[in-house]
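Peer 1:
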Amino acid sequence: MLRLFIRRSYCTKKFPEVAKRKIAFEGDQVLIRDIPYISEIPDEKLSEIPNFDAKLIAHLERLSLVRFDSEQAVANLRKSVKMAQKLELVDTENIEPMYTVWENQECPVFEDVEEKSLEIEEVFKNCTERFDDYFVTPPGNIALESKDRFDLNVINEWDKIGNPTAPQLKNQKLVNSS
Amino acid sequence: MQKIENAIERAIKFRANGIFVSETFDLARKQATKAIENGLKPFPIVVKDCFLTKDAPTTCASQMLANYIPPTTSTVVDRIVRKGGCIIGKTNMDEFCMGTSSQLGHFGPVKSNIRSEGGIEEDWMIPGGSSGGSAVAVQTGIADVALGSDTGGSTRNPAAFNGIFGLKPTYGVLSRQGLIPLVNSLDAPSIFARSAEECWDFLDKTRGLDDNDSTSIDLPESENLDSLKNLRVGVPIEYHNEKLSENAWKIWNHAINVLKNEGAEIFEISLPHTKYSLSCYSVIAAADVASNMARYDSVAYGHRSSNNSSTHEMYAESRSESLNTVVRRRILAGNYFLMKKYRSKYYEKALKIRRLINDEIINSFNNLDVIITPTASGKPPKYSELRDTLYSKEDDDDYFTQAANLAGIPSISVPSTQNENRENYPIAVQIMGNRLNDRLVCDVARMIHTKF
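Residue numbers (UniProt numbering), protein chains in the order written: chain A, 1 to 178; chain B, 1 to 452.
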């Protein structure tokens with residue numbers, strides 16, 4: 001029941017009713033177009049996303065060093081890709097990428113002067129495992145294991161057969177009070 | 001001093017709203033004493049918990065940094081404290097600034113104080129985000145001014161939802177040193193207040209070059225504007241989209257009426273790439289998130305899992321245990337967009353589209369002084385509404401705000417006073433200006449506020 005409710009309200013969000021004219025406050029002129037501009041880009045205009053497979057999931061987990069926690073998490077990534085696909089519709093021939101706001105600003109560099117570094121105890125005060133003046137890590141050079149654990153069909157057909165749930169709230173707490 | 005004690009009293013009174021991650025009352029008292037010694041008037045401030053503070057934990061509302069105490073203080077915080085600012089607390093937010101609701105952080109949701117007559121135990125109004133705690137602190141009168149951050153609307157959105165002012169300055173005018181980075185080329189420390197003058201005053205106290213932020217920039221001095229006559233105002237047609245509510249349109253149209261009556265010239269304009277802006281923003285944001293979040297390896301600091309089978313296993317377990325689902329989703333998406341196979345198709349493509357969006361906005365200022373649009377699609381949603389639509393409304397609201405970040409321009413959200421009589425929910429418009437015209441957008445905000 002809950003599932004039905006969530007999916008239905010999600011759908012109405014996606015396809016708003018036919019636009020009607022907006023009405024100005026009494027005494028105001030209509031100075032802004034009263035019929036909405038269509039900003040939505042229909043999915044049909046976008047190319048198909050290739051289906052996700054176990055190899056891609058494992059690769060992304062290794063690159064990211066975080067795990068997908070459910071089929072929904074992987075399906076959400078597919079949604080993010082779908083969102084990005086809208087960019088294919090824009091012609092960017094001969095356009096240079098824009099990396100930063102102040103492109104012509106000189107980037108100052110530090111003078112080559114030695115700075116006072118942090119005290120050693122200050123450096124270690126936030127670390128969990130310490131041996132003398134070293135940080136400690138477990139054995140290295142072992143690639144992250146990624147076990148096959150998801151139903152790929154559910155992921156790739158999520159819009160039809162998925163069972164979306166909203167993330168849970170945490171309890172309110174204060175980390176510090178003084 | 002009494003002002004500081006009053007602020008502390010109010011902070012305690014509104015504890016159920018989840019405004020703070022850390023209360024720093026003793027620190028505020030100490031700062032007040034020092035301010036008085038230095039001949040300054042102490043005043044209460046609150047700081048979003050993504051700004052480093054040497055004397056208090058800095059958590060980004062994440063379990064990852066739940067026990068983290070930084071070795072340094074961010075430039076903006078340092079500057080405001082030197083002017084008499086006393087930090088009442090570090091405010092709650094969306095985890096690592098990712099979100100527009102301030103609901104899903106490790107320390108629980110921020111609950112708005114708007115329309116709270118029926119209680120906020122079961123359901124409540126969303127304060128907006130990601131700087132929700134800072135906004136509610138100003139709305140409830142705990143602080144006169146608050147520090148937030150704005151990467152895609154994270155200050156303007158909660159300002160609109162709480163009926164207060166929110167100023168995102170020109171990129172670089174406030175130093176990013178000590179602001180935990182989300183998207184480096186979009187992040188802007190930002191300001192909440194109950195008036196445009198107070199927003200400007202805070203900016204004036206904290207702005208300017210910083211040796212520790214090579215992207216920081218000086219704001220040239222400019223004249224105070226005291227008339228709206230002949231102000232050239234652009235109204236972009238793309239900002240009346242399908243999602244804009246009846247009332248948000250009415251208020252926006254009313255603001256334009258007020259300006260016209262005051263002698264401003266109104267121009268309908270088109271910014272045709274607006275509909276790609278949110279996709280562009282989301283790809284650029286995810287890519288930077290993937291790289292910025294790579295620093296959290298749980299070795300020198302951060303939540304560490306007990307899984308010690310291998311270094312990579314420990315990294316992945318620590319991060320999966322302590323980062324929420326929104327954060328993990330963006331890290332994974334960013335790494336997808338940055339894969340060799342997809343980098344030019346998505347990431348570089350987005351950067352090119354950013355230039356198109358930037359150019360059409362900046363070029364429009366050849367013939368305009370300001371652009372005025374709604375700040376959000378409508379009134380703040382209730383928590384239950386957001387949950388039942390799986391937080392999709394967050395995207396509807398981001399549509400209106402993130403373009404200003406892509407172009408690096410100043411933008412201020414101005415609450416409508418009319419609306420309180422008409423529907424009793426806060427609704428706002430945003431005033432955007434050309435880069436470095438921060439003073440101008442504050443002045444226009446000040447002048448229209450009393451009349452709209």
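C-beta: ideal position from N, C-alpha, C; glycine also.
Do the segment 299–312 of chain B and the segment 50–69 of chain B make contact, defined as three or more Cβ pairs closer than 8 Å?
Peer 2: yes
Peer 1: Would you call the CB atoms of ARG194 (chain B) and ASP187 (chain B) closer than 8 Å?
Peer 2: no
Peer 1: For ILE120 (chain A), which of A:ALA73, A:LYS82, A:GLY162, A:ASP132 has the nearest alpha-carbon?
Peer 2: A:ASP132
Peer 1: Just the C-alpha distance for ASN261 (chain B) and GLU268 (chain B), rounded to the nearest angstrom, thanks.
Peer 2: When rounded, the separation of the alpha-carbon atoms in ASN261 (chain B) and GLU268 (chain B) is 17 Å.
Peer 1: Whole angstroms is fine: what's the gap from GLY141 (chain B)'s alpha carbon to GLY129 (chain B)'s?
Peer 2: 18 Å
Peer 1: Around the C-beta of TYR347 (chain B), are 16 or more other C-beta atoms found within 10 angstroms, so that it is buried, or is it exposed?
Peer 2: buried
Peer 1: Counting C-beta neighbours from all protein chains within 10 Å, is the total for THR274 (chain B) 16 or more, i.e. buried, or is it exposed?
Peer 2: buried
Peer 1: Check whether the Cβ atoms of THR401 (chain B) and GLY152 (chain B) lie closer than 8 Å to each other.
Peer 2: In contact: THR401 (chain B) and GLY152 (chain B) (Cβ atoms closer than 8 Å).
Peer 1: When you compare the CB positions of ILE237 (chain B) and TYR37 (chain A), do they come within less than 8 Å of one another, or not?
Peer 2: Taking 8 Å as the Cβ cut-off, ILE237 (chain B) and TYR37 (chain A) qualify as a contacting pair.
Peer 1: Alpha carbon to alpha carbon, how far is LEU179 (chain B) from GLU313 (chain B)? Give it in angstroms, no decimals.
Peer 2: 29 Å
Peer 1: Below 8 Å on the Cβ atoms is my contact criterion, and I expect PRO138 (chain A) with SER309 (chain B) to pass it. Report the Cβ-Cβ distance as a whole number of Å.
Peer 2: 6 Å
Peer 1: Does any residue of chain B bring its CB to less than 8 Å from the CB of PHE131 (chain A)?
Peer 2: no
Peer 1: Any C-beta of chain B within less than 8 Å: which residues of the segment 94–112 of chain A qualify?
Peer 2: ILE95, GLU96, PRO97, MET98, TYR99, THR100, VAL101, TRP102, GLN105, CYS107, PRO108, VAL109, PHE110
Peer 1: Suppose only complete runs of 4+ residues qualify. What are the alpha helix (DSSP H) ranges in the segment 134–187 of chain B, listed by chain order?
Peer 2: 156–162
Peer 1: What residue from B:LEU203, B:THR417, B:SER320, B:TYR315 has the CA that sits closest to LEU219 (chain B)'s CA?
Peer 2: Comparing Cα-Cα distances from LEU219 (chain B) to each of B:LEU203, B:THR417, B:SER320, B:TYR315, the minimum goes to B:LEU203.
Peer 1: Taking 8 Å as the CB-CB cut-off, is ALA58 (chain A) touching chain B?
Peer 2: no
Peer 1: Among the residues of its own chain, which have a CB less than 7 Å from the CB of PRO181 (chain B), if the five just before and after it don't count?
Peer 2: ASP187, ASN292
Peer 1: Using 8 Å for Cβ pairs, my map puts ARG145 (chain B) next to LYS90 (chain B). What's the rounded Cβ distance?
Peer 2: Reading the sequence as shown, one finds Val at residue 145 (chain B) and not Arg. Actually they are not in contact, since the Cβ atoms of VAL145 (chain B) and LYS90 (chain B) sit about 15 Å apart, beyond 8 Å.
Peer 1: Write down every uninterrupted run of the alpha helix (DSSP H) in the segment 40–90 of chain B whose length is 4 residues or greater and which is fully enclosed by it, in chain order.
Peer 2: 75–82
Peer 1: Please name the residues in the segment 56–86 of chain B whose beta-carbon is closer than 8 Å to at least one beta-carbon of chain A, in chain order.
Peer 2: ALA56, PRO57, THR59, ALA66, ASN67, TYR68, ILE69, PRO71
Peer 1: Report buried or exposed for GLY85 (chain B), applying the criterion of at least 16 other Cβ atoms within 10 angstroms of its Cβ.
Peer 2: buried
Peer 1: What's the gap between the Cα of GLY166 (chain B) and the Cα of ALA376 (chain B)?
Peer 2: 13 Å
Peer 1: Whole angstroms is fine: what's the gap from SER305 (chain B)'s alpha carbon to ALA316 (chain B)'s?
Peer 2: 9 Å
Peer 1: Would you list, in chain order, the members of the segment 102–136 of chain B that have their beta-carbon closer than 8 Å to a beta-carbon of chain A?
Peer 2: Per Cβ criterion, the list reads GLN103, LEU104, GLY105, HIS106, PHE107, GLY108, PRO109.
Peer 1: Contact check, ILE80 (chain B) vs PHE25 (chain B) under 8 Å by CB: the rounded distance?
Peer 2: With a Cβ gap of about 18 Å, ILE80 (chain B) and PHE25 (chain B) do not count as contacting.
Peer 1: Who are the neighbours of ALA350 (chain B) on chain A, taking C-beta pairs under 9 Å?
Peer 2: ALA84, LEU87, PRO97
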